[in-house]
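Enquirer: Residue numbers (our numbering), protein chains in the order written: chain A, 1 to 383; chain B, 1001 to 1383; chain C, 2001 to 2383; chain D, 3001 to 3383.
Submitted below is the structure of interest, expressed as structure tokens.
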């Protein structure tokens, strides 16, 4: 039985919409049944056609979609709504979808503002529906293994967390060259108060907290707009303090010319350290004080149930970004299906990012931008 | 419009069947409509059910599948048959499927013997149907780029080709431990005359010829059965001579203890060399006589149309084994759809492995095993 | 003609003394003729004997060494004094050596305090003698190449500098276990006001300024003492602002458990970025906005005169830490010999770290520690 | 006490002569006291002067050197002769030096022919002098560790050995461009019957036998002269059989365009495999069947006495080619000094390549070239 999926946003030419659809298809847990792909009606229709949807389930707006689908018979109507619009169009559809009785998968950063995020949290709780926020990187098997290594205490008490996300694609004034991705991501009316910090800083922040199992309680940020004419930050770094006393550094830049997308996290404890980076995604490096470093690999027999559950092929067949993304979709589906079946979901299935990650992510955005503007050094991480 | 796909073999628990299905789903070009998943009728039914197929299109045998589907209305019946059985069950279904008017995707090695391969070649030609052999590694974007670099003469005349495929998973007598994969792959009644040479040697051979654009004309092989009690080769190496005068070395082993699946090819010409390996699949290294080596990356803007067409996400989002596999399925579908639409297929679409690769692969198996047994040094590569 | 070298500090069992001696011997530019190896007279004698020195030139104190050597005939007496004592014993010997008419090679950090550093600067200027501070990492051929790449404008205007020096060797309370290295390096009476920041932070700072050609003008630091009972910082990070408007991050830690010594620098400009790390010391990675990244290698024909001059063997024969150290000694010797010969020194020879690096390094120590204690965010980099 | 060293060959501009001298100086175990650096008398004198030798100990020929030095007082005359001439000038000086009562360090390949090698073996035995052949790669700490890992049985019985030495520097007809190195190395009157096989094939062969602890008993070779006009082989590969039943592959090429000097060895046993390559010389990778691969590093505390003895700096300070070379010189010196002191040499000191390695190396040259010319497949490895 596949879950019936609807999509809001993600029309032709959209990068992340296509990624969501591949992720949804990968493990055959979903069937795309409807969509409101664009505010441009013609483009919306064309996208739906291309995706093989029944024309009567390609809608002109998310409101129409949710309204009409609600009225369809229970075994026909959509069950999960995937929202892949720019940030300023996250909250409205998500709220309405939840209130309409649908589970929601939402792209990050969760909302336009922290206030919206908190509001959405209430809606999620009230709705009783499941909610998934696509912090992709936590879907990698070896990121899950990393979290296990830490949570089992193998590294001892955690002392340091370094996380970095260097990109170079915004090194020039791309938003002036009719680049759609660059345009909305650097537009404060669409992205919110943050550029790089919202787009990739939130990923880095989420990865750091996910792997370390810790929470940031203070930060001190340097936020920069490097490219002339740009309206939002395209670069930044923050010193971090965690709730167990550990300290850390977060780096995120979109003007690291020549860099691609190599998000990387390092966590050190009393007994050893770990290192994972997307460019070598199937490897988790464990380093020790007094014995050889170890290379853990996706698909190997010695991994935790979390890493094993989130891999599809034997060791040595690289799994990538799309598989990591698909893991979010799969775990979300497995959890919903368990609900439907009236069974408890396995703990590995429930390990997908949710509303709490979104709240913390939006708090990160607001706190880090505020710190960037502040003359004070350490500022409390407020939610 | 999705192509209607049927599958022969690949019941529950099969590794490669699942991979084929993910590959077929990835780009939404296929819809699985029927299957004959197992010779065990109950298992076949269960597999079909799990895959959400209509029970009346889950068949007890491939003969039944092909017979019954043929009789369905044209717009309902299956269009493409994917065959994922062990080697000894390749030829029969493939022949019948083609003769029944269906396009065929077949797992490698193509057949049980070269004689069967030649017979199948005739059937393909007579049938007028498209045929794809799943030599996965040629589906990687950077392997396609490698082939372009060579074919455009950037390296000058090719002089050396090194290809290696070291695995360690058969380092112990796994076939004695009720391991299904190990059992059939080491069984001469199911795999044919070769073990490692058929299973992974053919991949290495195919990759070497694909990237270099050359053909092996002579070889000299050392073929070993290392693990006691094993009935087929689990290790080997061959010295190679190519049709342009270049020489090479092919290594394939399943007793390289601790190795995973790191197939690697290096090609050297008068002006430079290239290097690609699956463990770093999104990188193609170009090395030059008198300037810095260059790192080409999947998704980058400077790549050839072949590499670009076969990637889904921007540079820095790793694409892996499943994406490479899916590229075969996608290109095959795009070519078939072009046929249906009465349009010429793009050259990038037609770049999928076919019957000729299968003929050469089976000839490799027979020649390399024969050379391994021979006291003569160089033996001509005979087809 | 070899320069006559004397050593202060570096008796038996000292790590860095031995490194200095190997560096001095490597290129045959020096002959060790005298030493005051230890404040322990017996140990000093034993060390001198082991090193094959004439007993009458093994002295009980640096004062004695400088006094007696000064009285030897010009063609016999020492010419260059190498000082490899702990930090608190840098200034005295260096000052006296310069005032005694000898050239000085001094280990880093330059002095116990910035005040001493400024005082030493005056002595150097008055003395007219050459002075070298052993910031080893700037001796690597590919670090020199990196500096050239930046200074020639290949990366465009520099925007970001990341430098990191993660070590793990002080993850435990080693100074409580009779470890000589750990003891003095964590002792404020010997190291000065900084632990990690003085020992490795100064290296990171120097490398960042050397490669980027920029100067830090503001910083904001988080300085930590992680291991209980330790008397100095063992960890820290700083946000940086440079004199051209670029920003940066500096990381230095001695509690990055499992890490060795992998100092790494990344510099990004408008057109591209570069990356160098000690663990892959013979490679300089250049990354570009719109073309493949390039791998530059020690010993290759396409390098600048600076990189070429500082390598000894053809490409592919790895040169390491000792060779980098030796480059400092060699360039210092070549410069002195040019003076002696009354010829101008080549620009490549003059490229060794000197008093100015020491002043800035000690200013870094004082500024970074002050910032760590301050509640203010950005503090001006004061000298 | 330093050993008094004399050098035959290695005048100005010679690559390997300079390497030997750095190696000899590195650990202060030798003092260069005399030399016959060139058959060109003027060049010989100039070289001696540059090296700071007393003019009366710079000789016009090796015969003169040995004759005259023999007559000097015992505590003045040379003790160790280092021979760094082209291959055809190895045997004569080595024989005479040994017969004159001096220890000998000889560059590889040992002699011009196997016959000479056998003759030299007799001379060594008769002379009672120590003899070292500079197979540099066995001087790397992690190569020594690799040998220990195998010899202690950690990998179980050895099954496979892959060794490769790909270089690209002879990809063009460099010997036609007045390149001194290329000229003699491709000249059969100077190099002997082999080009690439003698120059680098012997290194690969030696490394394979050293690490595996096995001996080749059969081989089957493909030997090529790729560049037009070249008089000796510049490329080749060989299938190998070892004395314990293991098989292997050896690759050596000087036309692998763009490659530097990345000699690499992989050894697999029943339980695991190991991998070492010069380009990452301070890492030894151990791979296991059922647990994570391990990264062993030069200088770490967990290494064997062999690896520890042959390193100079703590982990993370890379040691390179010159240090590996120096390890040969150092161990040779320590062994000789033990003899002089009438004490047994430590087993770690005695682990330097000697006459037996030379015999096997020259046998490799003759066997591999013969096999390359033969139509027979396997040929016995004859000495």
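No residue lacks a Cβ here, since even glycine has one placed at the ideal position from N, Cα and C.
Please state if the CB of residue 321/A and the CB of residue 24/A are separated by a distance shorter than 9 Å.
Expert: In the first chain, residue 24/A corresponds to position 24, counting from 1. In the first chain, residue 321/A corresponds to position 321, counting from 1. Not a contact, by the Cβ cut-off of 9 Å.
Enquirer: By alpha-carbon positions, which one of 243/A, 196/A, 201/A and 190/A ends up nearest to residue 213/A?
Expert: Reading the first chain from its first residue, position 213 is the one you call residue 213/A. Of the listed residues, the one whose Cα sits closest to residue 213/A is 243/A.
Enquirer: What do you get for residue 3076/D, buried or exposed, if any count of 16 or more other CB atoms within 10 angstroms of its CB means buried?
Expert: Within the fourth chain, the letter at position 76 stands for residue 3076/D. So residue 3076/D ends up on the exposed side.
Enquirer: With 9 Å as the C-beta to C-beta threshold (strictly closer), list the residues of the segment 1035 to 1052 of chain B near chain A in chain order.
Expert: Within the segment 1035 to 1052 of chain B, the qualifying residues are 1051 and 1052.
Enquirer: Which same chain residues end up closer than 6 Å to residue 942/B when comparing Cβ atoms and leaving out the 5 residues on each side of it in sequence?
Expert: For residue 942/B there is no data in the structure shown, the boundaries of chain B being 1001 and 1383.
Enquirer: Would you identify the three-state DSSP class for residue 1279/B, choosing helix, strand or coil?
Expert: Numbered from 1 along the second chain, position 279 holds the residue referred to as residue 1279/B. Note: residue 1279/B maps to helix in three-state DSSP.
Enquirer: How many Å lie between residue 1281/B and residue 1292/B at the Cα?
Expert: Here the question's residue 1281/B lines up with position 281 in the second chain. Here the question's residue 1292/B lines up with position 292 in the second chain. Rounded to the nearest angstrom, the two C-alpha atoms are 21 Å apart.
Enquirer: Rounded to the nearest angstrom, what separates residue 1165/B and residue 2045/C at their Cα positions?
Expert: Working through the second chain from its first residue, we reach residue 1165/B at position 165. Working through the third chain from its first residue, we reach residue 2045/C at position 45. Straight-line Cα distance between these residues: approximately 60 Å.
Enquirer: Check each residue of the segment 3065 to 3091 of chain D: if its Cβ is closer than 9 Å to any Cβ of chain C, include it; give the result in chain order.
Expert: If the cut-off is 9 Å between Cβ atoms, the segment 3065 to 3091 of chain D has nothing near chain C.
Enquirer: Going along the segment 1018 to 1035 of chain B in order, which residues come within less than 8 Å of chain A, judged by CB to CB distance?
Expert: Those residues of the segment 1018 to 1035 of chain B that come within reach of chain A (Cβ to Cβ, closer than 8 Å) are 1018, 1019, 1021, 1022, 1025, 1026, 1027 and 1028.
Enquirer: Helix or strand or just coil, what does DSSP make of residue 2078/C?
Expert: Here residue 2078/C refers to the residue found at position 78 of the third chain. Note: residue 2078/C maps to coil in three-state DSSP.
Enquirer: Would a check of beta-carbon distances place residue 2171/C closer than 9 Å to chain A?
Expert: To locate residue 2171/C, count along the third chain from 1; it is residue 171. Chain A, which has a Cβ nearer than 9 Å to the Cβ of residue 2171/C, makes this yes.
Enquirer: Can you tell me which of 1063/B, 1103/B, 1137/B and 1099/B puts its alpha carbon nearest to the alpha carbon of residue 1119/B?
Expert: Counted from its first residue, the second chain places residue 1119/B at position 119. Answer by Cα proximity: 1099/B.
Enquirer: What residue range does the alpha helix (DSSP H) around residue 3024/D cover?
Expert: Stepping through the fourth chain from its first residue, residue 3024/D is reached at position 24. Taken as a continuous stretch (DSSP letters only), the alpha helix (DSSP H) holding residue 3024/D covers 3015 to 3026.
Enquirer: For residue 2973/D, decide whether its Cβ has a neighbour in chain A, counting only Cβ atoms nearer than 9 Å.
Expert: As displayed, chain D neither begins before 3001 nor continues past 3383, which places residue 2973/D out of reach and without an answer.
Enquirer: Please state whether DSSP places residue 2329/C in a helix, a strand or coil.
Expert: On the third chain, residue 2329/C is found 329 positions in, with the first residue counted as 1. The answer is helix: DSSP assigns residue 2329/C an H, G or I state.
Enquirer: Pull out every residue of the segment 321 to 345 of chain A whose Cβ sits closer than 8 Å to any Cβ of chain C, in chain order.
Expert: Going along the segment 321 to 345 of chain A in chain order, one finds no residue with a Cβ nearer than 8 Å to chain C.
Enquirer: Where are the beta strand (DSSP E) runs, 3 residues long or more, that stay fully inside the segment 1242 to 1291 of chain B, in chain order?
Expert: Counting only runs of 3 or more, we get 1247 to 1253, 1264 to 1269, 1272 to 1277 and 1283 to 1288.
Enquirer: Indicate whether the contact test is met: 3 or more Cβ pairs, each with one atom in the segment 116 to 134 of chain A and one in the segment 89 to 103 of chain A, closer than 8 Å.
Expert: Segments in contact, yes.
Enquirer: Since residue 166/A sits in a beta bridge, which residues does DSSP pair it with?
Expert: Here the question's residue 166/A lines up with position 166 in the first chain. Answer is 253/A, bridged to residue 166/A.
Enquirer: Determine, for residue 3224/D, whether the minimum Cβ-Cβ distance to residues of chain B falls below 9 Å.
Expert: Stepping through the fourth chain from its first residue, residue 3224/D is reached at position 224. So yes, residue 3224/D belongs to the interface.
Enquirer: Spell out whether any CB of chain A is found under 9 Å from the CB atom of residue 2235/C.
Expert: Here residue 2235/C corresponds to residue number 235 of the third chain, with the count starting at 1. It does; some Cβ of chain A falls within 9 Å.
Enquirer: For residue 2230/C, collect the residues of the same chain with a Cβ closer than 8 Å to its Cβ; drop the 5 residues on either side in sequence, then sort them by chain order.
Expert: Here residue 2230/C refers to the residue found at position 230 of the third chain. Result list for residue 2230/C: 2170, 2173, 2175, 2186 and 2195, in chain order.
Enquirer: Rank 1380/B, 1303/B, 1233/B and 1008/B by C-alpha distance to the C-alpha of residue 1241/B and give the top, closest one.
Expert: Start at 1 with the first residue of the second chain, and residue 1241/B comes out as number 241. When each option's Cα is compared against that of residue 1241/B, the closest is 1380/B.
Enquirer: Pick out whichever of 1325/B, 1312/B, 1315/B and 1313/B has its Cα sitting closest to the Cα of residue 318/A.
Expert: Counting from one through the first chain, the residue named residue 318/A turns up at place 318. It is 1325/B whose Cα lies nearest to the Cα of residue 318/A.
Enquirer: On the three-pair Cβ rule with 8 Å, is the segment 2130 to 2142 of chain C touching the segment 2216 to 2228 of chain C?
Expert: No, because fewer than three Cβ pairs between the segment 2130 to 2142 of chain C and the segment 2216 to 2228 of chain C fall closer than 8 Å, the two stretches do not touch.
Enquirer: Check each candidate in 1053/B, 1060/B, 1003/B and 1089/B and name the one with the smallest Cα separation from residue 52/A.
Expert: As a working note, residue 52/A is residue 52 in the first chain. Selected option, being the one with the closest Cα: 1003/B.
Enquirer: Nearest CA to the CA of residue 1103/B: which residue from 1362/B, 1334/B, 1226/B and 1374/B?
Expert: Within the second chain, the letter at position 103 stands for residue 1103/B. Closest by alpha carbon: 1334/B.
Enquirer: If residue 2368/C sits next to residue 2197/C, beta carbons under 8 Å apart, how far is it from one beta carbon to the other, in whole angstroms?
Expert: Taking the third chain and counting its residues from 1, one reaches residue 2368/C at position 368. Taking the third chain and counting its residues from 1, one reaches residue 2197/C at position 197. Residue 2368/C to residue 2197/C, Cβ: 5 Å. Contact.
Enquirer: If you follow the alpha helix (DSSP H) that residue 2142/C is part of, which residue opens it and which one closes it?
Expert: Position 142 of the third chain, counted from the first residue, corresponds to residue 2142/C. Segment 2141 to 2151, the alpha helix (DSSP H) holding residue 2142/C.
Enquirer: Is there a Cβ from chain C that is less than 9 Å from the Cβ of residue 1266/B?
Expert: For this step, residue 1266/B is matched to residue 266 along the second chain. Closer than 9 Å: no.
Enquirer: Is the CB-CB distance between residue 372/A and residue 234/A below 9 Å?
Expert: Here residue 372/A is taken as the residue at index 372 of the first chain, counted from 1. Here residue 234/A is taken as the residue at index 234 of the first chain, counted from 1. Contact: no.
Enquirer: Against chain D, which members of the segment 1248 to 1264 of chain B pass a CB distance test of less than 8 Å?
Expert: Answer set for the segment 1248 to 1264 of chain B: 1249, 1251, 1253, 1255, 1256, 1257, 1258 and 1259.
Enquirer: Report the CB separation of residue 1158/B from residue 1207/B in whole angstroms; it is logged as a contact under 8 Å.
Expert: Translated into the one-based positions of the second chain, residue 1158/B becomes position 158. Translated into the one-based positions of the second chain, residue 1207/B becomes position 207. Between residue 1207/B and residue 1158/B the Cβ distance is about 14 Å, and since that is not below 8 Å, they are no contact.
Enquirer: Kindly list, in the order they appear in chain C, the residues whose Cβ is closer than 7 Å to that of residue 471/A.
Expert: In this structure chain A extends from 1 to 383, so residue 471/A is not present and cannot be described.
Enquirer: Mind checking whether residue 3080/D and residue 3355/D have CB atoms under 9 Å apart?
Expert: To locate residue 3080/D, count along the fourth chain from 1; it is residue 80. To locate residue 3355/D, count along the fourth chain from 1; it is residue 355. Their beta carbons are not under 9 Å apart, which means residue 3080/D does not touch residue 3355/D by this criterion.
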